[in-house]
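According to this note's numbering, the sequence shown holds residues 100 to 533 in order.
Please read the structure below before turning to the comments.
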Amino acid sequence: MRITTCLVALLLCSAALLLPGNVSAQVPEEPTFATDIAPILYRSCVNCHRPGQIAPMSLINYREVRPWARSIKNKVETRAMPPWHLDRRLGIQSFKNDPSLTDDEISTISSWVDNGAPQGNPADTPMPPEFAPADAWQIGEPDVVVTFPTYTVPAAGPDLFGDLFTEIGIEEDRYITSIQTRPVGDKAREVVHHALSYAVETDDAGDSMGGGLFLVEYASGKQAEIYPPDSGLLLPGGTQARLSYHLHSIGEETDANVELGINFLPKGTEPKHIRYSSQLGGSQGQTIGVLDVPAGEIARSDGYTRFNKAARITMFQPHMHMLGKYQCIEFIYPTQPVRAETVNCAGFDYNWHMNYNYADDAAPLIPAGTILHVTSWHDNSSANRGNIDPKNWVGSGGRTIDEMGFAWIGWTDLSDEEYEAEVAARAKARETDD
Ligand code: HEC
100 MRITTCLVAL LLCSAALLLP GNVSAQVPEE PTFATDIAPI LYRSCVNCHR PGQIAPMSLI
160 NYREVRPWAR SIKNKVETRA MPPWHLDRRL GIQSFKNDPS LTDDEISTIS SWVDNGAPQG
220 NPADTPMPPE FAPADAWQIG EPDVVVTFPT YTVPAAGPDL FGDLFTEIGI EEDRYITSIQ
280 TRPVGDKARE VVHHALSYAV ETDDAGDSMG GGLFLVEYAS GKQAEIYPPD SGLLLPGGTQ
340 ARLSYHLHSI GEETDANVEL GINFLPKGTE PKHIRYSSQL GGSQGQTIGV LDVPAGEIAR
400 SDGYTRFNKA ARITMFQPHM HMLGKYQCIE FIYPTQPVRA ETVNCAGFDY NWHMNYNYAD
460 DAAPLIPAGT ILHVTSWHDN SSANRGNIDP KNWVGSGGRT IDEMGFAWIG WTDLSDEEYE
520 AEVAARAKAR ETDD
C-alpha cells in the first residue's frame, strides 16, 4: 500500500515540479499581451473563458485578463489550466485535441506577469476566434435529429437515473460518421450531468429489448464524436434510441430536453473500418469494475479486456467517480516472451471528463490477442480534498458517491493483413523522418 501511495503522490505532484527552468530562444524578452499572450489565450483558453461558457471569467481582452494575471501564472505553471490531465512524462504525447501549453508558452506567461503584465500596442492584438453558440451542432447540420421525451427535473431532490426511449426513424442499416448529444438550452445543460445514448432492438410489439449498442456519451465539457474519415459506426435499421441519463436538481424546476444529432454515410455505402467505443478494463470482468476502497486508503484496482481482432486505438478516456485520481492503460502483447507496454497514464478529476483522441500517426496499433490492462487508483484518504467522507468504505455502483473504474476506449478493427501493412507503413514513415 505504501508503494502505491508514493506512486500516486509522485505521479500527481511531480507535474508541479516541472516548472520551466531555462528560458529558451522561443520566449520573447519582454512579452506583451498584444503580441505574445493573446495568441496563447485564444488557442487554449477562450473556448471556455468567454461569456456563456463554463469558466468563471472571460479572458478575451486585456481589460478582462489583467486582474487575473497572477492567478493565470499560477494556474498555467502548475498545469491546472487548461485542463489536460494526461501524464506528460510517459507514453504517447500526440493527440488531436491537445490544448496544453508548451514549456516555452508557460515561460512566456510567467515572464509577462513578472514584468507587470504590460499590454503592448493594442493595434497588434489579433482578432479573437469566432465561436458558434454554446448549444450549436459541432457536427454540422445533422442528417437526423432524434428528440428524447422531455423530463422535468424538480427544483430539489436526489440525483435521478433512468432511461428515455424514442424512435430514430431509420429503417435500413446505416453507418454513422459523426454524432453529438446536445441538451437544449442553458438550463438543460446545467441539469444534465451525464447521458449515454444506445440503439436498441425492439420486439414485435415495438417494445425495447436489451441494453442496446452504445452510440455516444455526453458529459459536461465533452465534445462531439467525429470518426476518422474511413470509418463509421453501424446503426442497425429499425432500432430505437435509448438515453440513459443522470440528472441533478439545480434549485428550480427545469425541463431536461436532450437531442441526438447524427450524420451518416450515404445510403448503401460501407466504411472501410467499423468503429467501436466501449467501457473496457473494469476489474473482475465487470463493466464498471468491482471496487473495494477501504476508509482512509488509496486503493488500486486492475481490469483486463482481450482484443480478439487487430485494432487501431483511437481514443482513451478514464472513467471514475469522486475518489478517482489516476489511471493507466497498458497493452500486453501476445508475443513470446510476453511484452507489456504502458500506453498512457492520466490524472483524473471528476469535474472534467477528458477524452484523449490519438493523432492518426500515433494511434496505437495492436495485433489480435492483445490484452488491455487498465489500472485505476481511488484515493479515499483525508489528504484527498475532494473526499467528503474518508471514514467510510466505498464500493462500486451507479450513484455519484459510489465508485467506478474503467476506461472508455474507441477503436476500429483491422484485419491481420491491414495491421501488418499499417505497422510497416509507420516504420517506413519513421525512417524517412530520421
Ligand atoms: C475546458 C475549459 C477550460 C479551458 C480550456 C481553460 N479553463 Fe480556466 N477554468 C475553467 C473552469 C471551469 C474554471 C473554474 C473551475 C476550476 O478552477 O477548475 C477555470 C478556472 C480558471 C482560473 C481560476 C479562476 C479563479 O476563480 O480563481 C484561471 C486563472 C484560469 N482558469 C485560467 C485559464 C487559462 C490561462 C487557460 C488557458 C491557458 C484556461 N484557464 C483554460 C475552464 C477552462
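Heads up, the beta-carbon is just placed ideally off N, CA and C, and yes, glycines get one too.
query, result
"Need the endpoints of the alpha helix (DSSP H) that Trp167 sits in, please.", "Per DSSP, Trp167 belongs to no alpha helix (DSSP H) and is neither H nor E."
"Quick one: using the 10 Å Cβ neighbour count with 16 as the cut-off for buried, is Asp460 buried or exposed?", "exposed"
"Which residue marks the beginning of the alpha helix (DSSP H) containing Ala523, and which one marks its end?", "515-532"
"According to DSSP, what are the bridge partners of Leu332?", "Ile275"
"Exposed or buried, which one is Val107 when buried takes at least 16 other CB atoms within 10 Å?", "At Val107 the pLDDT is 44, less than 50, meaning the model places this residue with poor confidence; the figure from the coordinates comes in the next sentence. When all chains shown are included, Val107 counts as buried."
"Between Glu170 and the ligand HEC, is the CB less than 7 Å from at least one heavy atom?", "Here residue 170 turns out to be Ser, not Glu, going by the sequence shown. At least one heavy atom of the ligand HEC is nearer than 7 Å to the Cβ of Ser170, so yes."
"For Asp448, list the residues DSSP reports as bridge partners.", "Trp451"
"Who are Arg288's beta bridge partners in DSSP?", "Note: Arg288 sits in no beta bridge, so no partner."
"Whose C-alpha, out of Val299, Gln152, Arg162, Gly360, is nearest the C-alpha of Ala216?", "Arg162"
"So, using beta-carbon positions, are Arg281 and Trp236 closer together than 8 Å?", "yes"
"Would Gln152 be called buried (16 or more neighbouring beta carbons within 10 Å of its own) or exposed?", "exposed"
"DSSP beta-bridge partners for Cys427?", "Cys444, Thr474"
"Can Cys144 be considered in contact with the ligand HEC, in the sense that its beta carbon sits closer than 7 Å to one or more heavy atoms?", "yes"
"Do you know whose CA, among Pro328, Glu128, Leu332, Ala482, lies nearest Val315's CA?", "Leu332"
"Which residues share a DSSP beta bridge with Ala439?", "Ile431"
"On the three-state DSSP scale, how would you describe Asn121?", "Bear in mind that a pLDDT of 45 at Asn121, under 50, signals an unreliable position, so the number given afterwards is only what the model happens to contain. Three-state result, Asn121: coil."
"Rounded to the nearest angstrom, what separates Thr474 and Thr386 at their Cα positions?", "14 Å"
"Should the segment 488-495 be regarded as contacting the segment 428-439, the criterion being three or more beta carbon pairs within less than 8 Å?", "no"
"Look at the alpha carbon of Asp532 and the alpha carbon of Ala523, and state the distance between them as a whole number of angstroms.", "14 Å"
"Cα separation between Tyr141 and Arg165?", "15 Å"
"Leaving out five residues before and five after Tyr317 in sequence, what residues of the same chain have Cβ atoms less than 6 Å from its Cβ?", "Thr280, Ala294"
"Along the chain, where does the beta strand (DSSP E) containing Leu359 start, and where does it finish?", "357-363"
"Take Tyr326 and list the residues in its own chain whose beta-carbon comes closer than 7 Å to its own, dropping the five residues that flank it on each side.", "Thr276, Ser277, Leu332, Arg374"
"Count the other CB atoms within 10 Å of the CB of Val175; is the residue buried (16 or more) or exposed (fewer)?", "buried"
"Any idea what DSSP makes of Phe132, helix, strand or coil?", "helix"
"Does the distance from the C-beta atom of Arg288 to that of Phe230 stay below 8 Å?", "no"
"Kindly indicate which residue of Asp135, Leu359, Pro227 has the alpha-carbon position closest to the one of Ile238.", "Leu359"
"Taking Gln426 as the reference, give the member of Asp197, Ser209, Gly380 with the closest Cα.", "Gly380"
"So which of Leu342, Asn362, Phe363 has the shortest CA-CA distance to Ala355?", "Leu342"
"With the cut-off set at 8 Å, would you say Asp478 and Leu422 are in Cβ contact?", "yes"
"Is Asn450 a contact residue of the ligand HEC, with contact defined as CB to any heavy atom under 7 Å?", "yes"
"Between Ala340 and the rest of its own chain, which residues show a CB-CB distance below 8 Å, the 5 nearest in sequence each way excluded?", "Val245, Phe247, Phe264, Thr265, Glu266, Ile267, Ser296, Tyr297, Ala298, Val299, Leu314, Leu359"
"Report yes if the C-beta of Ala216 is less than 7 Å from at least one heavy atom of the ligand HEC; otherwise report no.", "no"
"For Pro370, does the three-state DSSP call read helix, strand or coil?", "coil"
"Contact between the segment 409-420 and the segment 447-466 is defined here as three or more beta-carbon pairs at a separation below 8 Å; is this criterion met?", "yes"
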